[in-house]
Amino acid sequence: MRKFILPVYVITLRDLKKFFRQKSRLIGMIARPLTWLFLIGTGLNQVIKGGLGVSYIQFILPGILGMTILFSAMFSSISIVWDREFGFMKEILVTPVSRFSVAFGKIVSGTLVSTIQGVIIMAAAPFIGIRFTVFEALLLVVFVMIVSMCISAIGVFIASMIKSFESFNIIMNFIVMPMFFLSGAMYPINVLPAFMRYLMYLNPLSYGIDSFKHVMFVEFAHFHSDFSLFSDILLMVVFTLVSSILAAFAFNRQQKE
Amino acid sequence: MNAIEVKELYKSYDGVHAVNGISFEIGYGELFGFLGPNGAGKTTTINILCTLLKPSAGRVFIAGFDVSRESEKIREHIGLVFQETTLDNELTTFENLLFHAYLYGMSRYDAVRRIDEILSMIGMQNKKNELVKHLSGGMKRRLELIRGLLHKPRVLFLDEPTIGLDPQTRANVWAFIKEMKKIEGTTIFVTTHYIEEASDFDRIAIIDHGRIVAVGNPQKLINEMGRATVTFGATDSATVQTLLEHGMSGLGSGEYQIKTEDPDMFLKQMMNLSGLKINDFKINKPVLEELYISLTGSEIRDEYIDRPPKVRGHNR
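See the structure below:
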């Protein structure tokens, strides 16, 4: 047990230390979602009639929160590819620790790093007129953690499948950006044509962002959310478990040919 | 059992043999050099010995454990220093070492004691809390070397430990490696491009096209080449007569030369003769580099065989 937990602890501690020491990355990771929120939100706020109790800038906050998690958890996991070629991960693969615990460690560290950023973005809510109680805030943090874990696990899975860092742009363009736009972050799912809706149903981020809407727009949730909170939570947990298991196995078998 | 035993090792990618049936043994406490041009199979071999790659055929035992079945056991007993730096620049010297110690299951108490011991041994105690990005290239290399030794491995693998360093730092790194070997008694397996650096290793193997073309003590291998020459300058006719009787041949302009496997022996023999009038003499012993070039035919070859395209069925 100690043999399994220790690497998880080491990887998490190392990633958190690096996260807080790389000021530019930290600032960038927080500046991007805030730029989106205030520039796009404010701009489109004038064009799009909010209606149904929520203005556009308020409508996209759950989406921006989802975006923050998506980028930071994905980045944290994809860094495995980099580390495998140039650093820490290469070193760790010749230590006697099990590959499962390394994969799990990366998922845990990605979850924590991205939850921290999610919480920082949550703090923007009062400035655009969204208020929640302490209980709702805590509930939101729990959802943020689940979504973070799910995305981190998907990231570890992808990182185990790709061989070099050159694939990074492909991942950004063909996985990360579609995941963001097809998640209900910028517009409600039900306004889309059927085939796009089905893609959204396959996207775990859709359920994550939907669960944020349930908490942020309590009284208007029935207008803005696409699924019931129960199905959001259930599907997120299922996605997280499946992707974690896939990630662990994919990571375990890599580089063994 | 030896520290490393390799028997008929093969590794092929798409039918191409990167390693083509090599065998060798390395005893405990030996400093063993693995030399060869790029693409000769060095990296593939070291990756197999370190359990990072699976062999296609053959048997490999490290510290008595079989790489095919006991890779986790082997990982506990080996240390590895890669060509590229694998330190975390954003972490301190101490953190880099501590995390490594944890991964080998050391307790915090043991780890801290060992880190202090090993840092003071190499005089880097004052860099303990320095971020690694502020260390010089030579210090980073030394830090990686002691990280490789931190968990007291039985075998330490060094893949091109001096690549990219300036000559003075290279010399320091070698002095350091030999010092550590003396103190810790670790078996050391080194690959290097800088042939001359291997001259005073216990043994070397030269690998080319996936096969071992020579293995043994470097000085002995050089002597076996028989390329040493002794040249005397003489004009006295009696002396010239004696030189010719001892198998030397004239080069013209009063120079007489012999090729011999053992130039020292030949000189001793000649010095014992009386009445020789030698004006001038020269001994030319071949260096390891010449042996290497004569065996491999080249110093430079493309990198590609060592790094074959990694093919995996489903993403093609």
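Chains as they are written, first to last, in my numbering: chain A, 55 to 311; chain B, 58 to 373.
Cβ atoms here follow ideal geometry from the backbone N, Cα and C, with glycine treated the same way.
Compare the C-beta of residue 139 of chain B against all C-beta atoms of chain A and say whether one is closer than 8 Å. yes
Contact criterion: CB-CB distance below 8 Å. Does residue 75 of chain A meet it with respect to chain B? Under the Cβ distance rule, residue 75 of chain A counts among the residues neighbouring chain B, one pair being separated by less than 8 Å.
Member of B/133, B/159, B/217 whose CA lies at the smallest distance from the CA of residue 95 of chain B: Among B/133, B/159, B/217, the Cα nearest to that of residue 95 of chain B belongs to B/217.
Going by other Cβ atoms of all chains shown within 10 Å of its Cβ, with 16 needed for buried, is residue 69 of chain A buried or exposed? By the 10 Å Cβ count, residue 69 of chain A comes out buried.
Tell me whether the segment 122-139 of chain A and the segment 165-175 of chain A touch, counting them as touching only if at least three CB pairs, one residue from each stretch, are closer than 8 Å. yes
Touching or not, the segment 206-224 of chain B and the segment 272-289 of chain A, by the rule of three or more beta carbon pairs under 8 Å? no
How do the segment 113-130 of chain B and the segment 299-318 of chain B stand: do at least 3 beta-carbon pairs fall below 8 Å, yes or no? no
Secondary structure at residue 312 of chain B, three-state DSSP: helix, strand or coil? Judged by DSSP in its simplified three-state form, residue 312 of chain B adopts strand.
Quick check: the Cα distance between residue 213 of chain A and residue 291 of chain A, rounded to an integer number of angstroms? 21 Å
Using the beta-carbon count (16 or more within 10 Å), is residue 366 of chain B buried or exposed? Caution is warranted here: a pLDDT of 41 is assigned to residue 366 of chain B, below 50, making its placement in the model unreliable, and no coordinate value can be reported.
Could you tell me whether any Cβ in chain B is nearer than 8 Å to the Cβ of residue 147 of chain A? yes
For residue 96 of chain A, the three-state DSSP class (helix, strand or coil): helix
Exposed or buried, residue 286 of chain A, counting other C-beta atoms within 10 Å across all chains shown (16 or more means buried)? buried
Determine, for residue 160 of chain A, whether the minimum Cβ-Cβ distance to residues of chain B falls below 8 Å. Interface criterion not met: the Cβ of residue 160 of chain A is under 8 Å from no Cβ in chain B.
Measure how close the beta-carbons of residue 231 of chain B and residue 219 of chain B come, nearest whole angstrom, since I'm counting them as under 8 Å. 7 Å
Could you please give the first and the last residue of the uninterrupted beta strand (DSSP E) stretch that includes residue 74 of chain B? It spans 73-83 - the beta strand (DSSP E) in which residue 74 of chain B sits, taken as one unbroken run.
Residue 69 of chain B, enclosing alpha helix (DSSP H) - first and last residue: Where residue 69 of chain B is concerned, there is no enclosing alpha helix (DSSP H), although the beta strand (DSSP E) it sits in stretches over 61-70.
Distance, residue 68 of chain B Cα to residue 74 of chain B Cα: 6 Å
Could one say the Cβ of residue 156 of chain B lies closer than 8 Å to chain A's Cβ atoms, at least one of them? yes
So, are the CB atoms of residue 270 of chain A and residue 116 of chain A less than 8 Å apart? A contact, by the Cβ cut-off of 8 Å.
Secondary structure of residue 179 of chain B, DSSP reduced to three states: coil
Supposed close pair residue 353 of chain B, residue 316 of chain B - CB separation, criterion 8 Å: Taking the Cβ atoms as the reference, residue 353 of chain B lies roughly 22 Å from residue 316 of chain B, outside the contact range of under 8 Å.
Looking at the secondary structure, which residues open and close the beta strand (DSSP E) in which residue 186 of chain B lies? Note, residue 186 of chain B: premise wrong, no beta strand (DSSP E); not H, not E.
Just curious, the alpha helix (DSSP H) that residue 77 of chain A is in, first and last residue? 77-89
Where are the alpha helix (DSSP H) runs, 4 residues long or more, that stay fully inside the segment 164-240 of chain A, in chain order? 188-215, 222-225, 231-235
For residue 84 of chain B, count the other beta carbons within 10 Å of its own beta carbon; 16 or more makes it buried, fewer makes it exposed. Which is it? exposed
Could you tell me which chain B residues have their CB closer than 9 Å to the CB of residue 209 of chain A, listed as they occur along the chain? What residue 209 of chain A touches in chain B: nothing, since even the nearest Cβ is about 17 Å away.
Taking just the CA atoms, how far does residue 172 of chain B sit from residue 71 of chain A? 20 Å
Skipping 5 residues on each side, what residues in its chain have a beta carbon closer than 6 Å to that of residue 175 of chain B? These residues qualify, in order along the chain: 203.
For residue 143 of chain B, I'd like the list of residues in its chain whose CB is within less than 8 Å of its CB, leaving aside the five on either flank, ordered along the chain. The beta carbon of residue 143 of chain B is closer than 8 Å to those of 201 in its chain, skipping five residues each way along the sequence.
In whole angstroms, what separates the C-alpha of residue 155 of chain B from that of residue 221 of chain B? 27 Å
Beta bridge counterpart(s) of residue 262 of chain B as assigned by DSSP: B/91, B/272
Mind checking if residue 151 of chain A is an interface residue toward chain B, Cβ cutoff 8 Å exclusive? It does: the Cβ of residue 151 of chain A has a partner Cβ on chain B nearer than 8 Å.
Helix, strand or coil: which one does DSSP assign to residue 360 of chain B? At residue 360 of chain B the pLDDT is 38, less than 50, meaning the model places this residue with poor confidence; the figure from the coordinates comes in the next sentence. DSSP places residue 360 of chain B in coil when its eight states are reduced to three.
Rounded to the nearest angstrom, what separates residue 61 of chain B and residue 260 of chain B at their Cα positions? 13 Å
Which ranges does the beta strand (DSSP E) cover as unbroken runs of at least 3 residues, wholly within the segment 108-151 of chain B, from first to last along the chain? 114-119, 135-138
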